[in-house]
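Position one of the sequence shown corresponds to residue 458 (my numbering), numbered consecutively onward. No residue lacks a Cβ here, since even glycine has one placed at the ideal position from N, Cα and C. Keep in mind it's a predicted model, so treat the numbers as computed, not measured. Presented below is the structure to which this report refers.
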Amino acid sequence: MAEASVLLSGDLLSGGQEYRVHLSPDGLRWQLTNQKKEPAEVSLPWSDIYGLVTDGQGETTQVNGAGKSFTIHFISRRKDKKWRAAEKKFDVKEGDVSAWVVQIQAKYRPATPKSLLVIVNPIGGKGQGQKIYEKKVAGLFKTAGINTHVFITERARHAEEIINNFDFSNVEGIVTVGGDGMYQEALNTLIQRNQKEAGINVNNPESVLKPLDIKFGIIPAGTGNGVTSWACGVNDVETAALHVIRGEVNNFNIFGIYEPGKLVCFSGLLFAYGFFSDVIKKTDEKRWMKTFRYPYVLLTSMFGSRRVYEADIQVLEAPSLENNTQDKRGAESEGAAASPTELGWRRLETREYMDVSMFVCDLNTAGEQLVMDPSSQTITVLLSQHCGGISHLKVILGALTGKKESLQAPQLTVLKNVTAFKIKVKVSDENSSKSEKQKELEHILDIDGEVYRAQTMDLEIRLQSQFVPMFSSPVEVPCVPTTDI
458 MAEASVLLSG
468 DLLSGGQEYR
478 VHLSPDGLRW
488 QLTNQKKEPA
498 EVSLPWSDIY
508 GLVTDGQGET
518 TQVNGAGKSF
528 TIHFISRRKD
538 KKWRAAEKKF
548 DVKEGDVSAW
558 VVQIQAKYRP
568 ATPKSLLVIV
578 NPIGGKGQGQ
588 KIYEKKVAGL
598 FKTAGINTHV
608 FITERARHAE
618 EIINNFDFSN
628 VEGIVTVGGD
638 GMYQEALNTL
648 IQRNQKEAGI
658 NVNNPESVLK
668 PLDIKFGIIP
678 AGTGNGVTSW
688 ACGVNDVETA
698 ALHVIRGEVN
708 NFNIFGIYEP
718 GKLVCFSGLL
728 FAYGFFSDVI
738 KKTDEKRWMK
748 TFRYPYVLLT
758 SMFGSRRVYE
768 ADIQVLEAPS
778 LENNTQDKRG
788 AESEGAAASP
798 TELGWRRLET
808 REYMDVSMFV
818 CDLNTAGEQL
828 VMDPSSQTIT
838 VLLSQHCGGI
848 SHLKVILGAL
858 TGKKESLQAP
868 QLTVLKNVTA
878 FKIKVKVSDE
888 NSSKSEKQKE
898 LEHILDIDGE
908 VYRAQTMDLE
918 IRLQSQFVPM
928 FSSPVEVPCV
938 PTTDI
């Protein structure tokens with residue numbers, strides 16, 4: 458915390474030891490005063506302090522007959538990127554405790570939301586959603602002074618009903634307690650409600666969508682929690698709750714996924730077709746195996762026969778820095794104002810693929826590890842041709858561990874700088890000798906780890922950059938997030 462003018466300072470007691478405590482416009486800091494060597498200083502920005510309690514539920518009282526006390530609740534950041542709720546009680550030796558309380562009340566929790574809609578999926582993941590919220594999250598929100606409107610889903614698409622009928626003028630954000638699928642359901646419902654109210658056609662990929670003004674938070678309680686890993690750096694319940702409490706927001710990307718004349722859905726994590734959509738369909742059919750179904754289906758699919766398909770692909774790419782520079786120089790030489798280079802759709806050579814996949818982010822290979830940025834202006838698309846199971850497994854494990862060399866596999870085509878993507882897949886006709894199950898797989902999409910069925914397999918995916926205000930830290934994820942494949 459940067460040095461700043463001191464608002465208040467003094468020697469306070471905590472746990473029988475004396476501390477020198479300073480309040481400044483930037484935050485609060487303290488250090489022991491009775492050690493021979495210079496002790497370490499604890500420094501907290503105001504945004505990391507979310508609770509203030511005085512003795513007697515707001516009434517300050519005497520401590521051992523002399524002085525008064527207050528307790529602060531704050532975020533403790535660990536080296537493993539997990540955040541923990543911490544507290545420290547100070548006893549005021551001299552003077553009026555109200556001077557400390559008034560200064561802290563005026564500065565702490567500057568961005569903490571005052572009111573939230575909370576939607577809990579009680580059956581997601583291991584069926585612990587409600588217990589996780591009640592035991593690990595609700596108390597933290599109460600300490601932070603957040604008013605919550607809590608709903609427990611009771612049936613399929615219940616979250617959709619809740620959001621469509623809720624008055625959002627009373628809240629600053631929506632928090633889902635579940636996995637990526639729960640987030641995607643809430644996200645889709647709120648986006649479509651907003652567009653309908655604004656008179657915007659969501660079925661047209663060219664439509665300029667109305668941005669969200671409601672902030673999103675996710676408490677990880679599902680099987681796949683990839684978006685939480687992006688938002689918080691780790692998949693951890695307490696860390697996620699404290700990110701909501703802290704209130705810092707970063708804008709996350711989404712996809713709009715369309716068939717001709719029709720929105721399929723919005724995506725907040727990934728789109729895949731081919732190998733991974735086949736896997737997600739097979740895992741959906743084996744829910745009786747619970748979480749074991751994911752490694753089982755992945756491994757059996759990896760070393761079994763893998764479907765290939767013929768696809769016509771087009772990409773829309775953002776203007777590159779090089780093209781912009783050349784365009785600017787050319788315009789300046791002609792005495793005209795420079796404008797960005799406009800690039801049209803580029804069609805790839807029609808060929809057979811085993812898998813097409815993309816996250817709502819760029820895959821940055823500039824550093825030592827593969828880094829994913831869900832607030833990027835463009836995305837990276839991975840096209841995989843048929844290859845052996847071992848080779849495919851190496852690519853997947855390499856990406857999961859952040860090894861950027863995994864993207865150099867010979868079967869991969871890596872498309873960078875993409876803002877929109879079209880894919881038209883050649884599917885079997887009625888006279889095909891393929892089984893009904895094989896024909897069904899040809900129409901299955903993997904969207905955020907959920908199974909979707911397309912009608913035509915003539916799809917367009919549009920990036921909506923920095924669309925969702927997410928309670929999060931600045932994002933820099935060094936590997937593919939944990940998710941339902």
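Proximity below 8 Å, CB of residue i to CB of residue j
{"i": "leucine 920", "j": "phenylalanine 673", "result": "no"}
{"i": "phenylalanine 878", "j": "valine 736", "result": "no"}
{"i": "threonine 696", "j": "lysine 592", "result": "no"}
{"i": "glycine 636", "j": "glycine 581", "result": "yes"}
{"i": "leucine 850", "j": "methionine 927", "result": "no"}
{"i": "leucine 952", "j": "aspartate 905", "result": "Residue 952 lies beyond the residue range present for the chain, which begins at 458 and ends at 942; the question has no answer from this structure."}
{"i": "phenylalanine 625", "j": "isoleucine 671", "result": "yes"}
{"i": "leucine 464", "j": "serine 481", "result": "yes"}
{"i": "valine 575", "j": "valine 554", "result": "no"}
{"i": "isoleucine 770", "j": "leucine 720", "result": "no"}
{"i": "alanine 729", "j": "isoleucine 880", "result": "no"}
{"i": "glycine 484", "j": "glycine 552", "result": "no"}
{"i": "leucine 898", "j": "lysine 743", "result": "no"}
{"i": "valine 628", "j": "leucine 669", "result": "no"}
{"i": "asparagine 710", "j": "phenylalanine 924", "result": "yes"}
{"i": "cysteine 689", "j": "serine 462", "result": "no"}
{"i": "leucine 902", "j": "serine 734", "result": "yes"}
{"i": "valine 852", "j": "alanine 866", "result": "yes"}
{"i": "glycine 630", "j": "proline 570", "result": "yes"}
{"i": "leucine 501", "j": "leucine 597", "result": "no"}
{"i": "glutamate 932", "j": "proline 831", "result": "Note that residue 932 is valine in the sequence shown, not glutamate. Closer than 8 Å, so yes."}
{"i": "threonine 822", "j": "lysine 861", "result": "yes"}
Continuous alpha helix (DSSP H) stretch holding residue i: start and end
{"i": "methionine 759", "result": "750–759"}
{"i": "isoleucine 620", "result": "615–622"}
{"i": "valine 510", "result": "Where valine 510 is concerned, there is no enclosing alpha helix (DSSP H), although the beta strand (DSSP E) it sits in stretches over 506–511."}
{"i": "histidine 479", "result": "No alpha helix (DSSP H) contains histidine 479, which is instead part of the beta strand (DSSP E) from 474–481."}
Strand pairing of residue i, partner residues [DSSP]
{"i": "arginine 808", "result": "Ala768"}
{"i": "alanine 542", "result": "Ile532"}
{"i": "isoleucine 880", "result": "Ile770 and Leu916"}
{"i": "isoleucine 901", "result": "Arg910"}
{"i": "alanine 729", "result": "Ser814 and Asp903"}
{"i": "phenylalanine 723", "result": "Gly713"}
{"i": "lysine 526", "result": "Before going further, note that residue 526 is serine rather than lysine in the sequence given. Paired residues: Asp548."}
{"i": "leucine 850", "result": "Leucine 850 pairs with nothing; no bridge assigned."}
{"i": "valine 838", "result": "Met815 and Leu872"}
{"i": "glycine 801", "result": "DSSP lists no partner for glycine 801."}
{"i": "proline 926", "result": "Asn708"}
{"i": "valine 634", "result": "Val577 and Ile676"}
{"i": "glutamine 921", "result": "Ile711"}
Cutoff 6 Å; reference residue i; Cβ partners in own chain excluding five residues on either side
{"i": "glycine 513", "result": "In this predicted model, glycine 513 has a pLDDT of only 47, less than 50, meaning its place in the structure is not dependable; the value taken from the coordinates is given anyway. Within the same chain, glycine 513 has no close Cβ partners at all."}
{"i": "arginine 703", "result": "Ser504"}
{"i": "cysteine 844", "result": "Gln868"}
{"i": "glutamine 783", "result": "Bear in mind that a pLDDT of 40 at glutamine 783, under 50, signals an unreliable position, so the number given afterwards is only what the model happens to contain. Hits under 6 Å: none found."}
{"i": "tryptophan 487", "result": "Tyr476, Val478 and Val499"}
{"i": "aspartate 941", "result": "Its pLDDT being 49, under 50, aspartate 941 is placed unreliably in this model, and the coordinates cannot settle the point."}
{"i": "valine 882", "result": "Tyr766, Ala768 and Met914"}
{"i": "arginine 534", "result": "Trp540"}
{"i": "threonine 616", "result": "The amino acid occupying residue 616 in the given sequence is alanine; threonine does not appear at that position. Excluding positions up to five away in sequence, the list reads Ile576, Thr610, Glu642 and Ala643."}
{"i": "valine 594", "result": "Ile676 and Ala698"}
Cut-off 8 Å between Cβ atoms - residues of its own chain near residue i, not counting five sequence neighbours on either side
{"i": "serine 889", "result": "Lys896"}
{"i": "valine 875", "result": "Val772, Leu773, Glu774, Ala775, Met815, Thr835, Ile836, Thr837, Val838 and Leu920"}
{"i": "histidine 530", "result": "Ile506, Tyr507, Gly508, Leu509, Val510, Ala542, Ala543, Glu544, Thr600 and Ala601"}
{"i": "glutamine 641", "result": "Cys722, Phe723, Ser724, Gly725, Leu726, Ile904, Asp905 and Glu907"}
{"i": "phenylalanine 732", "result": "Ser758, Arg763, Arg764, Met811, Asp812, Ser841 and His849"}
{"i": "tyrosine 590", "result": "Val575, Val577, Val607, Val634, Ile676 and Ala678"}
Own chain, CB closer than 7 Å to residue i, minus 5 neighbours either side, in chain order
{"i": "glutamine 585", "result": "Ala678"}
{"i": "lysine 667", "result": "Asn651, Gln652, Ala655 and Ile657"}
{"i": "proline 717", "result": "Thr913 and Asp915"}
{"i": "lysine 747", "result": "none"}
{"i": "threonine 490", "result": "Asp468, Glu475, Tyr476 and Arg477"}
Boundaries of the beta strand (DSSP E) in which residue i is found, first to last residue
{"i": "aspartate 468", "result": "465–471"}
{"i": "tryptophan 503", "result": "That residue, tryptophan 503, is in no beta strand (DSSP E); it is neither H nor E in DSSP."}
{"i": "glutamine 488", "result": "484–489"}
heavy atom of the ligand SAH below 7 Å from residue i C-beta
{"i": "lysine 860", "result": "As for the ligand SAH, it is missing from this structure, which has no ligand bound."}
Review point. At which residue ranges does the region 637–718 contain complete beta strand (DSSP E) runs of 3 or more residues, listed in the order of the chain?
Key: 672–677 and 706–716
Exercise for review: Report the residue ranges of all beta strand (DSSP E) runs contained in full by the region 544–630; include only those spanning at least 3 residues, in chain order.
Suggested key: 572–577 and 604–609
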